[in-house]
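Protein chains in written order, with this note's numbering: chain C, 100 to 398; chain A, 13 to 216.
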Ligand code: SF4
């Protein structure tokens with residue numbers, strides 16, 4: 100395959116995958132919503148869950164974005180140093196979003212700051228927003244594509260605490276966000292929490308936590324236990340779907356952590372709404388691919 | 013039995029509807045959000061649509077031109093946007109237009125409560141994120157006004173059939189389900205935190 104041809108192929112496949120992510124929820128989210136729906140005892144909440152399910156069915160049938168807010172696209176890129184197209188990847192990903200915007204179609208959500216104009220393409224200065232991770236001795240490309248909607252981006256916030264406030268301060272911070280901004284962010288939410296040294300690292304980890312599947316756990320047993328404790332605590336508030344009350348509140352809490360300076364403990368929250376449009380795809384060096392979130396996908 | 017309201021809606025129709033009820037709408041609903049509210053209330057411009065007894069939807073849709081037809085549009089995807097942004101205008105908006113049913117996302121505040129109580133109107137929540145299920149309730153887009161505002165802000169006049177579920181969040185008495193829930197949520201949050209604190213003493 101000629102290089103140019105290969106780049107176009109890769110661009111087209113990523114564009115199709117971006118479009119798909121806006122229409123079909125990942126397997127883990129679909130399964131969790133089904134479980135929440137089946138176990139729900141509050142009639143109104145159950146009715147809302149069933150309506151959500153109907154919406155996802157119709158979106159797939161009619162090939163339309165399931166929520167009108169298709170977000171500002173973010174991607175986590177894990178690229179092997181031996182992946183043949185590593186040098187061209189950044190423009191490829193941008194072009195893919197440009198194409199998906201027309202073809203899916205996606206709503207126009209990229210507004211240039213200061214100039215305050217909508218580019219109409221979902222691309223712009225550092226849009227899509229990319230995080231890079233270089234994988235030594237690998238010839239693969241692994242991508243997480245995420246549609247960050249307005250409603251679920253709004254609760255995002257962080258705070259650097261003094262160690263005296265401890266983890267008590269962290270859990271209070273997170274729960275306060277749940278009963279304020281969280282209500283309007285389309286619960287049941289997936290709650291991403293970052294705990295570490297400075298505010299930027301905490302904020303990054305809070306988003307990275309949202310790329311982990313629903314129901315997965317932190318490798319540290321204490322952090323993993325806290326994920327379950329916090330899930331139970333937020334569930335006991337009974338926010339329900341749409342914040343209109345129910346027997347549960349969230350799809351789960353995912354915590355990511357790093358070492359901290361002894362004098363500070365930073366925490367941040369990022370939430371994903373029930374329509375948590377996240378997709379992971381892995382390309383091999385010959386551009387064959389498979390997706391762990393959208394199994395059996397043909398692009 | 014589904015409770016269905018049909019536009020034009022009267023004060024009488026809303027009399028027995030309480031917060032937490034689920035209703036559906038037949039007739040017409042007009043998308044109407046930030047700038048349309050601002051134009052009527054702040055700039056004193058007359059709305060190009062008669063909303064007396066009518067319904068508005070806080071939403072910015074994706075519409076598509078119907079091929080081969082003159083100036084006809086189809087609803088692709090439409091979902092509610094945060095109603096709270098319209099709180100500042102809604103009381104006067106209800107007074108001036110005579111609108112009876114306001115549909116959006118999340119709660120609204122004391123201003124809208126008063127508007128609903130004094131003029132006998134309701135605010136309802138359409139489950140957000142369900143944009144395709146909402147679009148398929150739209151039988152036809154019958155009109156489009158203030159198109160200079162662009163696709164999301166245009167007033168799209170939609171003829172709808174059993175549009176819903178609409179969950180009543182403010183009733184015509186001015187009761188507000190979100191305000192009632194908030195009190196309970198905050199109380200339960202405090203209890204949850206008290207139970208959580210002893211479990212997070214990692215710094216010793
Ligand atoms: S919070 Fe999520 S589901 Fe709700 S409107 Fe925004 S993108 Fe859609």
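From the three backbone atoms N, C-alpha and C, an ideal C-beta is built for every residue, glycine too. Values in this document were obtained by computation on a predicted structure and should not be read as measured data.
(Q) When you compare the region 101 to 109 of chain C with the region 374 to 387 of chain C, are there three or more beta-carbon pairs, one atom per stretch, that lie closer than 8 Å? (A) yes
Q: Output the distance between the C-alpha atoms of residue 157 of chain C and residue 85 of chain A, rounded to the nearest integer angstrom.
A: 20 Å
**Q.** The beta strand (DSSP E) enclosing residue 219 of chain A, as first and last residue numbers
**A.** Lying outside 13 to 216, the shown extent of chain A, residue 219 of chain A is not represented and no answer is given.
Q. From the beta carbon of residue 205 of chain A, is the nearest beta carbon of chain C less than 8 Å away?
A. yes
Q | For residue 362 of chain C and residue 203 of chain A, the rounded distance between their alpha carbons | A | 29 Å
Q. Relative to the C-alpha of residue 338 of chain C, which residue among A:50, A:207, A:49 and A:197 is closest?
A. A:197
Q) When DSSP labels each residue in this structure, what does residue 100 of chain A get in the three-state scheme? A) helix
Q: Keeping to the same chain, check which residues put their C-beta closer than 6 Å to that of residue 155 of chain A; ignore five residues upstream and five downstream.
A: 169
Q.
Run through chain A and tell me which residues come within less than 7 Å of residue 328 of chain C, C-beta to C-beta.
A. 208 and 211
Q.
Just checking residue 284 of chain C against the ligand SF4 - is the residue's beta carbon closer than 7 Å to any of the ligand's heavy atoms?
A. yes
Q) Where do the N-terminal and C-terminal ends of the alpha helix (DSSP H) with residue 215 of chain A fall, by residue? A) Where residue 215 of chain A is concerned, there is no enclosing alpha helix (DSSP H), given that its DSSP letter is neither H nor E.
Q | Cα-Cα separation between residue 140 of chain C and residue 349 of chain C, rounded to whole angstroms | A | 15 Å
Q | Residues of the region 246 to 268 of chain C whose Cβ lies closer than 8 Å to any Cβ of chain A, in chain order | A | 250, 262, 265, 266 and 267
Q) If you run the structure through DSSP and keep just helix, strand and coil, what is residue 138 of chain C? A) helix
Q) Can you find a CB in chain C that lies within less than 8 Å of the CB of residue 215 of chain A? A) yes
Q) Going along the chain, which residues of its own chain have a beta-carbon closer than 6 Å to the beta-carbon of residue 174 of chain A, five neighbours each way excluded? A) 36
Q. Straight-line CA distance for residue 210 of chain C to residue 288 of chain C?
A. 26 Å
Q) Ends of the alpha helix (DSSP H) at residue 4 of chain A? A) Nothing in the structure corresponds to residue 4 of chain A, since chain A is present only between 13 and 216.
Q: Could you tell me whether any Cβ in chain A is nearer than 8 Å to the Cβ of residue 321 of chain C?
A: yes
Q.
Quick check on residue 252 of chain C: does DSSP put it in helix, strand or coil?
A. helix
(Q) Given a cut-off of 8 Å on the beta-carbon distance, is the pair residue 120 of chain C and residue 255 of chain C in contact? (A) no
(Q) Just to confirm the assignment, what range does the beta strand (DSSP E) spanning residue 162 of chain C have? (A) No beta strand (DSSP E) holds residue 162 of chain C; DSSP gives it neither H nor E.
Q. Do residue 145 of chain A and the ligand SF4 come close, with the Cβ less than 7 Å from some heavy atom?
A. no
Q. Any heavy atom of the ligand SF4 within a distance shorter than 7 Å of the CB on residue 301 of chain C?
A. no
Q.
Counting only beta-carbon separations shorter than 8 Å, does residue 164 of chain C have a partner in chain A?
A. yes
**Q.** Local conformation of residue 105 of chain A per DSSP, three classes
**A.** helix
(Q) I need the straight-line Cα distance from residue 47 of chain A to residue 196 of chain C, nearest angstrom please. (A) 29 Å
Q. Taking the C-alpha atoms as reference points, what is the distance between residue 235 of chain C and residue 191 of chain C?
A. 21 Å
Q) Hey, which unbroken runs of the beta strand (DSSP E) at 3 residues or more fall wholly within the region 149 to 234 of chain C? A) 171 to 179 and 228 to 234
Q. So does residue 95 of chain A have its beta carbon nearer than 7 Å to some heavy atom of the ligand SF4?
A. no
Q. Does the beta carbon of residue 373 of chain C come closer than 8 Å to any beta carbon on chain A?
A. yes
Q) Is it the case that the Cβ atoms of residue 133 of chain A and residue 115 of chain A are separated by a distance below 8 Å? A) no
(Q) Beta carbons nearer than 8 Å to chain A: which residues of the region 267 to 297 of chain C have them? (A) 267, 269, 270, 271, 274, 275, 277, 278, 282, 283 and 285
**Q.** Short CB-CB distance (under 8 Å) between residue 337 of chain C and chain A
**A.** yes
Q.
Can you determine whether any heavy atom of the ligand SF4 sits closer than 7 Å to the C-beta of residue 217 of chain A, and answer yes or no?
A. Examination of residue 217 of chain A is not possible in this model, given that chain A is present from 13 through 216 alone.
Q) Which residues in the same chain as residue 7 of chain A place their Cβ atom closer than 7 Å to its Cβ, once the five residues preceding and following it in sequence are excluded? A) Outside the shown range of chain A (13 to 216) lies residue 7 of chain A, about which nothing can therefore be said.
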